[in-house]
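Chains as they are written, first to last, in this note's numbering: chain F, 6 to 433; chain L, 6 to 433.
Each residue gets a CB set at the ideal place from its N, CA and C atoms; glycine is no exception.
Computed from a predicted structure; not experimentally measured.
Working notes, beginning with the structure itself.
There are 2 protein chains.
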Amino acid sequence: MSTPLRLGIAGLGTVGIGVVKIVQQHAAMITARTGREVVITAVSARSRTKNRDADLSGYAWEDDPLALATRGDVDIFVELMGGSDGPALDATRAAIAAGKDVVTANKAMLAIHGQDLAETAEAAGHVIRFEAAVAGGIPVVKVLTEGLAGNRIKRVMGVMNGTCNYILTRMESSGLPYGDVFDEAAQLGYLEADPNLDVGGIDAGHKLALLASVAFGTRVSFDAVELEGIQRISIEDIRQAADMGFKIKLLGVAQMTGRGLEQRMSPCLVPDDSPLGQLQGGTNMVVLEGDSVGQIVLRGAGAGMGPTASAVMSDVMDIARGIRVSTFGQPATTLVAAVSAKANAPAPFYLRMQLLDKPGALAKIATALGDAGISIDRMRQYGHENSSAPVLIVTHKTTRDALDHALAGCATTGVLTGDPVAIRIEAV
Amino acid sequence: MSTPLRLGIAGLGTVGIGVVKIVQQHAAMITARTGREVVITAVSARSRTKNRDADLSGYAWEDDPLALATRGDVDIFVELMGGSDGPALDATRAAIAAGKDVVTANKAMLAIHGQDLAETAEAAGHVIRFEAAVAGGIPVVKVLTEGLAGNRIKRVMGVMNGTCNYILTRMESSGLPYGDVFDEAAQLGYLEADPNLDVGGIDAGHKLALLASVAFGTRVSFDAVELEGIQRISIEDIRQAADMGFKIKLLGVAQMTGRGLEQRMSPCLVPDDSPLGQLQGGTNMVVLEGDSVGQIVLRGAGAGMGPTASAVMSDVMDIARGIRVSTFGQPATTLVAAVSAKANAPAPFYLRMQLLDKPGALAKIATALGDAGISIDRMRQYGHENSSAPVLIVTHKTTRDALDHALAGCATTGVLTGDPVAIRIEAV
């Protein structure tokens with residue numbers, strides 16, 4: 006038997022304590038599976054005195070994560086502090102410089118600095134692993150990099166922010182507007198300190214950028230992710246979509262097209278009887294499409310102590326077993342800088358407009374759409390509310406560019422009141 | 006760069022040709038991802054002259070798989086012949102003796118000889134990998150052994166025979182009886198040469214036995230799998246189950262209980278709005294439950310050229326990357342011989358009985374069930390057909406033992422005509 010593999014854990018929030026518990030409770034199982042003892046030698050967090058529901062007395066304490074990262078008795082620096090920059094980044098850099106492997110749950114840091122960190126680590130023969138950064142307990146990074154390694158990946162999709170999915174499904178089940186459900190989620194502690202990370206799609210966008218890199222062999226390019234949050238999703242749209250057999254999800258889609266790599270994280274309609282459509286609450290789902298395997302769907306808890314710690318331990322135990330796959334599935338220096346393409350793959354769209362109570366209003370809209378080459382699959386007009394009437398349209402497949410052009414045409418008709426709502430219907 | 010990794014492929018059916026195509030079409034991608042060139046040096050099959058829609062001219066041909074398995078220019082013996090014994094087993098043994106790693110899709114061989122083969126290979130420092138043997142393109146072996154390595158697994162479930170799922174979903178959609186749909190499936194080429202491997206649950210039982218070993222660290226014990234096929238599922242039961250909100254699936258369940266390891270492959274009712282309930286046609290689904298991660302659901306194609314070849318390539322590329330996880334997730338010599346327990350975990354049951362048209366018949370059945378301690382959740386009686394009436398019962402949770410006792414009591418009432426149907430309702 007080899008020497009023990011020694012972990013230094015920086016960050017003792019929910020996930021950090023979850024990792025401590027697994028290492029303590031399953032020591033024999035871990036050794037049986039990996040052939041190597043896995044031990045914690047040192048930990049670090051902001052407050053030493055906080056009650057953490059775990060016995061940390063056997064571990065050295067470091068107030069400074071940098072000191073932890075460079076300790077001589079640490080083989081893997083387990084970074085669970087979070088934040089794209091600051092102490093997490095400094096300590097990770099220090100750990101790599103000190104010859105450690107790194108396991109992290111930090112999607113923000115890797116989405117911004119992943120290329121640089123991976124190149125530095127790999128040049129020194131060390132690995133950075135990040136299973137816990139994407140989709141919680143779902144081992145999607147491993148499935149993509151190893152399980153589907155023989156596939157040219159065509160598309161990666163996912164619902165990867167449990168808070169947004171909670172808000173959207175709760176809006177539908179309760180009939181409450183966005184603001185009320187947002188407040189509920191805040192009270193339940195579901196939101197990040199900066200809620201825009203959740204509802205603005207940034208957190209999910211970080212995850213998508215990481216998956217796209219792994220899927221397509223490209224450098225992480227978070228800046229190229231087209232981000233649209235759920236803040237403007239109205240209860241009307243959720244209701245109307247449901248009436249027509251759809252659910253609204255904050256859906257990430259990355260696909261390689263002839264024009265380049267499309268990455269978008271945005272509200273989309275999906276059929277309510279599809280696996281994505283049926284996803285409730287905080288559960289995550291990732292859909293992977295490969296040229297040989299076809300479609301693989303993975304579903305599981307996207308956050309929480311146990312699921313996220315499970316993902317951290319998967320990376321730790323891989324290293325204990327001697328598995329040293331490159332951070333993004335191939336050496337970082339071989340990743341190519343993808344040409345980013347505007348998300349413009351053809352799709353049907355859901356449109357909701359408010360028409361003034363004028364003769365021929367609907368005809369003018371239909372004409373404006375037709376003039377722009379957009380054909381209508383389904384349309385519903387409702388009774389007038391005060392002086393205007395809601396109209397719902399599902400278009401045939403069109404591009405976002407053509408749609409924007411058509412909506413500009415609709416705006417010039419003078420029969421619209423308010424801005425039209427347009428949401429992509431994703432084929433899943 | 007290392008020397009090329011050289012494959013010898015025995016068996017050039019659908020899957021073998023699928024592997025050839027991936028190696029030929031994605032050579033550069035494979036090298037980029039693994040850091041090593043993967044080449045085919047030799048192939049073997051029963052007929053050399055058969056038209057196979059792939060260019061094999063660059064490979065040495067061996068009529069005898071044993072000769073292929075022991076060639077000096079082969080590093081991995083890729084066994085895609087099938088069959089638990091005979092040439093596949095002989096050649097695999099020869100390959101291990103000759104110092105090769107083995108990648109196989111042969112569930113039958115591993116379910117019977119896996120322990121012996123893995124011990125021999127591991128003693129010599131070689132690996133046997135079998136991702137393609139279970140659930141086709143779904144990388145479930147990797148997810149269990151590596152992705153969820155930090156979990157104590159509690160239960161593994163799955164729909165893992167696409168042919169059975171096709172027959173059951175087709176019976177429901179068409180309203181046709183089992184025999185008609187079986188004949189359809191035969192004509193479509195969906196059935197094994199010995200159809201009992203499919204509809205008798207044997208093929209799926211092999212897969213379950215392999216997953217149970219990986220999940221629980223136990224020796225493969227196919228003999229302990231309680232097998233029940235789908236041959237006795239009637240269109241009436243499919244209809245009645247649907248009316249009550251259930252689907253009938255051939256479901257494998259392995260779980261570690263206080264009494265020992267339960268393994269059963271049998272028709273079960275599952276809620277029609279659950280992921281398992283919604284599974285259509287040939288798609289497979291595996292549900293994994295771990296103490297930290299909670300429930301992970303994996304869905305994908307369970308068979309076919311592309312998906313199965315994708316799984317074979319996952320194993321091949323792992324070896325190219327230097328990943329050498331033990332066959333069953335930990336060294337074969339450390340696997341324990343599980344105590345097998347009769348599948349008796351409490352569950353609700355669906356019962357269908359035919360009652361004679363006699364006064365008090367229903368009361369007698371209700372009394373017999375009650376006397377045996379079985380309480381009734383829902384019951385439906387239908388109008389009389391000739392001289393008897395169908396009765397449907399959903400019980401509260403009970404054990405199979407208690408149910409069998411109760412059914413024996415029902416038999417003595419003299420009001421039953423024909424044998425009652427009893428199908429477990431699995432909580433999913």
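Original post:
Based on the DSSP output, what are the partners of Glu84(F) in its beta bridges?
Top reply: Ala15(F), Thr109(F)
Original post:
What runs of the beta strand (DSSP E), each 3 residues or longer, lie entirely inside the stretch 389-427 of chain F?
Top reply: 393-400
Original post:
Taking Cβ to Cβ, would you say Ile2(F) is nearer than 9 Å to Ala366(F)?
Top reply: Since the first residue shown for chain F is 6 and the last is 433, residue 2(F) is missing from the structure and cannot be characterised.
**OP:** Using 10 angstroms around the beta-carbon of Leu115(L), count the other beta-carbons present and answer buried if the total reaches 16, otherwise exposed.
**Re:** buried
**OP:** Taking Val184(F) as the reference, give the member of Ser239(F), Leu284(F), Lys252(F) with the closest Cα.
**Re:** One point to set straight first is that residue 184(F) is Gly, not Val, in the sequence displayed. That would be Ser239(F), whose Cα lies nearest to the Cα of Gly184(F).
Original post:
Which whole runs of the beta strand (DSSP E) in the stretch 235-267 of chain L are 3 residues long or more, in chain order?
Top reply: 251-262
Original post:
Which residues share a DSSP beta bridge with Thr288(L)?
Top reply: Ala306(L)
Original post:
Is the shortest distance between the beta-carbon of Ala343(F) and the beta-carbons of chain L less than 9 Å?
Top reply: no
Subject >> Option in Ser89(L), Val79(L), Arg269(L) with minimal Cα separation from Val107(L) >> reply: Looking at the Cα atoms, Val79(L) is the closest of the given residues.
Subject >> the ligand NAP heavy atom lying under 8 Å from the CB of Gln192(F) >> reply: As for the ligand NAP, it is missing from this structure, which has no ligand bound.
**OP:** Measure the beta-carbon distance from Phe354(L) to Thr403(L) and round it to whole angstroms, keeping in mind my assumption that it falls under 8 Å.
**Re:** 7 Å
Subject >> With 16 other Cβ atoms within 10 Å as the buried cut-off, status of Ala373(F) >> reply: Counting Cβ neighbours within 10 Å, Ala373(F) comes out buried, since at least 16 surround it.
**OP:** With a threshold of 16 other CB atoms inside 10 Å of the CB of Arg237(F), please say whether the residue is buried or exposed.
**Re:** Burial call: exposed.
Subject >> With 16 other Cβ atoms within 10 Å as the buried cut-off, status of Pro70(L) >> reply: buried
Original post:
How about Thr150(F): is its C-beta nearer than 9 Å to some C-beta of chain L?
Top reply: Yes, Thr150(F) lies at the interface with chain L (some Cβ there is under 9 Å from its Cβ).
Original post:
Is it the case that the Cβ atoms of Ile35(L) and Tyr64(L) are separated by a distance below 9 Å?
Top reply: no
**OP:** For Ser297(L), decide whether its Cβ has a neighbour in chain F, counting only Cβ atoms nearer than 9 Å.
**Re:** yes
Original post:
So, using beta-carbon positions, are Arg405(L) and Leu397(L) closer together than 9 Å?
Top reply: no
Original post:
If you follow the alpha helix (DSSP H) that Gly163(L) is part of, which residue opens it and which one closes it?
Top reply: Premise fails: Gly163(L) lies in the beta strand (DSSP E), 158-164, not in any alpha helix (DSSP H).
**OP:** Determine the burial state of Asp208(L): buried for a count of at least 16 other Cβ atoms within 10 Å of its Cβ, exposed for fewer.
**Re:** buried
Subject >> 8 Å CB neighbourhood of Gln335(F) in its chain, flanking five on each side removed >> reply: Gly222
Subject >> Integer Cβ distance of Val83(L) from Leu10(L), believed to fall under 8 Å >> reply: In fact, because the Cβ distance is near 11 Å, the residues do not count as touching under 8 Å.
Original post:
By DSSP, does Arg38(F) sit in helix, in strand, or in coil?
Top reply: helix
Original post:
Is the stretch 143-155 of chain L in contact with the stretch 168-184 of chain L, if contact means three or more CB pairs nearer than 8 Å?
Top reply: Contact annotation: the stretch 143-155 of chain L does not touch the stretch 168-184 of chain L, with fewer than three C-beta pairs closer than 8 Å.
Original post:
In three-state DSSP terms, what is Arg329(F)?
Top reply: coil
Original post:
If you follow the beta strand (DSSP E) that Ala386(L) is part of, which residue opens it and which one closes it?
Top reply: This sequence places Gln at residue 386(L); Ala is not what is there. That run of the beta strand (DSSP E) goes 381-386.
Original post:
Where do the N-terminal and C-terminal ends of the beta strand (DSSP E) with Tyr355(F) fall, by residue?
Top reply: Note, Tyr355(F): beta strand (DSSP E), 354-361.
Original post:
For the stretch 314-328 of chain L against the stretch 290-301 of chain L, are there 3 or more C-beta pairs whose distance is under 8 Å?
Top reply: no
**OP:** Out of Trp66(F), Gly287(F), Val230(F), state which residue places its alpha-carbon closest to the alpha-carbon of Thr54(F).
**Re:** Trp66(F)
Original post:
What residues from chain F crowd round Met322(L), counting only those whose CB sits closer than 9 Å?
Top reply: Glu151, Ala154, Gly155
**OP:** Return no unless some Cβ of chain F is closer than 9 Å to the Cβ of Arg329(L).
**Re:** yes
Original post:
If you follow the alpha helix (DSSP H) that Phe370(L) is part of, which residue opens it and which one closes it?
Top reply: Looking at the sequence provided, one finds Ile at residue 370(L) rather than Phe. 366-376 is the extent of the alpha helix (DSSP H) around Ile370(L).
Original post:
Using a beta-carbon distance below 9 Å, is Lys159(F) in contact with chain L?
Top reply: no
**OP:** For Ser331(F), count neighbouring C-beta atoms within 10 Å of its own C-beta (all shown protein chains included) and say buried if the count is 16 or more, exposed if not.
**Re:** buried
Original post:
Taking Leu442(F) as the reference, which of Ala413(F), Ala259(F), Leu61(F) has the closest Cα?
Top reply: Residue 442(F) cannot be examined here, being either before or after the span of chain F that is shown, 6 to 433.
**OP:** Please report how far the alpha carbon of Gly91(F) lies from the alpha carbon of Pro200(F), in whole angstroms.
**Re:** 20 Å
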